[in-house]
């Protein structure tokens, strides 16, 4: 059983999951959509065999082994032509002066955003117009002119944006990892547990897919 986030399941994991089912039809595969925190909790509670989730530290934990797969960079998403898309320099304080469309508190990256805004002394002054857990809903409100979106974004989505994907048309993406860093995506397993052959097969498919980009 696997627990992961909707972004990962929809983008990075869709192909390896399909390939795993094709190669191992005898294995009963169960997938749970959770936030990153929820996916880790499912693993720690013994509800799943494996989790793939975002985290901002890769420090070892006694009960969990984490294997780094990739990273989601923090991006500023705004309507094409917005002044902050072309400004020579952007700061956390200048972002905080804008109406914002942000991921909900359940999202792993929201805690990081709040920490950075708090350290800059502007958390109390934020104008959060939209607070949503769904990426497509966040994008829709950016397109609708409700505000800027700041969040960690799948590289797969960024590649689609570069190619002019219809769902992201009219949105410009600016890398702001200098300000907020990046979210590490890790494969999590319980430490000291025997890894069955089908777990190994799935892990290797995921690692190969990530490496191939």
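In the working numbering, the protein residues as written are -7 to 205. Yeah, the Cβ is synthetic: ideal placement off N, Cα and C, and Gly gets one too.
Which runs of the beta strand (DSSP E), 3 residues or longer, sit entirely within the segment 72 to 120? 91 to 95
Classify residue 95: buried if its beta carbon has 16 or more other beta carbons within 10 angstroms, exposed otherwise. buried
Alpha carbon to alpha carbon, how far is residue -4 from residue 123? Give it in angstroms, no decimals. 21 Å
With a cut-off of 8 Å, do at least 3 Cβ pairs link the segment 179 to 186 to the segment 29 to 42? yes
Measure the Cβ-Cβ separation of residue 148 and residue 16 and say whether it is below 8 Å. no
Cβ pair count under 8 Å reaching 3, the segment 154 to 163 against the segment 129 to 145: yes
Return the first residue and the last residue of the beta strand (DSSP E) that residue 21 is part of. Careful: residue 21 lies outside any beta strand (DSSP E) and carries neither H nor E.
Is there contact here, the segment 166 to 180 with the segment 63 to 73, by at least three beta-carbon pairs under 8 Å? yes
For residue 127, collect the residues of the same chain with a Cβ closer than 7 Å to its Cβ; drop the 5 residues on either side in sequence, then sort them by chain order. -1
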